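Structure first, commentary second.
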Amino acid sequence: MFSCSSGSDEQAVTPTSTPAKAVSQPTATTAPAPTAVPTKQPAPTPTKVPAPTATPKPLGTATPTPIPTQTPTPTPTPTPITNVFDLYGFTLRLDADTALDEYGLQVNGFTKTNPDKEQGIINFGYNGSNVIMYWQPNVGDNQTAVDSAISLLQISQKDQTFTPINSGDISVDNSSGKFAGFVSTKSDGKAAGGGLVGAWTCSSSNNTFSLSVSGDDSTVLQLRFDRIVDGFKCK
Numbered sequence: 077m078f079s080c081s082s083g084s085d086e087q088a089v090t091p092t093s094t095p096a097k098a099v100s101q102p103t104a105t106t107a108p109a110p111t112a113v114p115t116k117q118p119a120p121t122p123t124k125v126p127a128p129t130a131t132p133k134p135l136g137t138a139t140p141t142p143i144p145t146q147t148p149t150p151t152p153t154p155t156p157i158t159n160v161f162d163l164y165g166f167t168l169r170l171d172a173d174t175a176l177d178e179y180g181l182q183v184n185g186f187t188k189t190n191p192d193k194e195q196g197i198i199n200f201g202y203n204g205s206n207v208i209m210y211w212q213p214n215v216g217d218n219q220t221a222v223d224s225a226i227s228l229l230q231i232s233q234k235d236q237t238f239t240p241i242n243s244g245d246i247s248v249d250n251s252s253g254k255f256a257g258f259v260s261t262k263s264d265g266k267a268a269g270g271g272l273v274g275a276w277t278c279s280s281s282n283n284t285f286s287l288s289v290s291g292d293d294s295t296v297l298q299l300r301f302d303r304i305v306d307g308f309k310c311k
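The sequence shown begins at 77 in the working numbering and counts up by one.
Laid out in structure tokens, this is it:
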């Protein structure tokens, strides 16, 4: 814009400053805090479970039926009879409740060291009596065998005197024989008991057997002597 004034020359024009248009400063805008958006989780994919495979049932192996083993029938062991002596060609059977091994049975040779079917001697205690029996080849006469048996007893008991009291015949397992009884006294004259002696010959073995039973009780002696004679068998 210009202004004119009279009576002057052209005057210098002073420009009028135009106020600058104020530029308004932008107001700072507070940005809203970002809202957390939840992450969408993908839905789990179901795992497909495979259908179970049927396990084939093993076929049972047929077990062969074992053939039962036949158990052999055991052979019964005979119960040893301790009241029987069965050796050397004869058998001697005593009472059922008699145990020869408990009565101190001894077996020895008579004319030899060891016994056999031709000779030997046994002795044992027998319920209150003492028994001696020996065998040898046939002596030819049973009475001679009885006398010899009494003599042997006298030799073994020198402090006693034997006095014969009776004698006679006997039969042992169908074999004829002889017997004699005696009493014994000690050197001081006191009684020492007595005994019975018998002898017979078995035809099967041709052996002569001599038996003596001695002790203190005459009744016991007779019972033991008879029991032995009844229980003797030739073989």
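All C-beta atoms, glycine included, are put in the ideal place defined by N, C-alpha and C. As the structure is a prediction and not an experimental result, all values here were calculated from the model.
C-beta contact flag for residue 288 and residue 225 at 7 Å: yes
Evaluate the contact criterion for the region 292-300 versus the region 227-244: three or more CB pairs, one atom per stretch, below 8 Å. no
Going by other Cβ atoms of all chains shown within 10 Å of its Cβ, with 16 needed for buried, is residue 249 buried or exposed? buried
Let me check understanding here. Comparing Cα to Cα, which of 285, 307, 301, 304 lies closest to residue 193? 285
For the candidate residues 207, 143, 306, whose alpha-carbon lies nearest to that of residue 183? 207
Residue 308 to residue 230, Cα distance in whole Å? 25 Å
Find the nearest neighbour of residue 29 within the set 237, 275, 304, 215, judged by alpha-carbon distance. No statement about residue 29 is possible, as the shown extent of the chain runs from 77 to 311 and does not include it.
Do residue 214 and residue 159 have their C-beta atoms within less than 7 Å of each other? no
What's the gap between the Cα of residue 148 and the Cα of residue 141? 21 Å
Residue 198: buried (16+ other C-beta within 10 angstroms of its C-beta) or exposed? buried
Within the same chain, show all residues whose beta-carbon is closer than 8 Å to that of residue 164, passing over the 5 residues directly before and after it, in chain order. 191, 192, 193, 196, 211
Report yes if the CB atom of residue 181 is closer than 7 Å to the CB atom of residue 166, and no otherwise. no
Which same chain residues, not among the five before or five after residue 175, have their C-beta less than 6 Å away from its C-beta? 158
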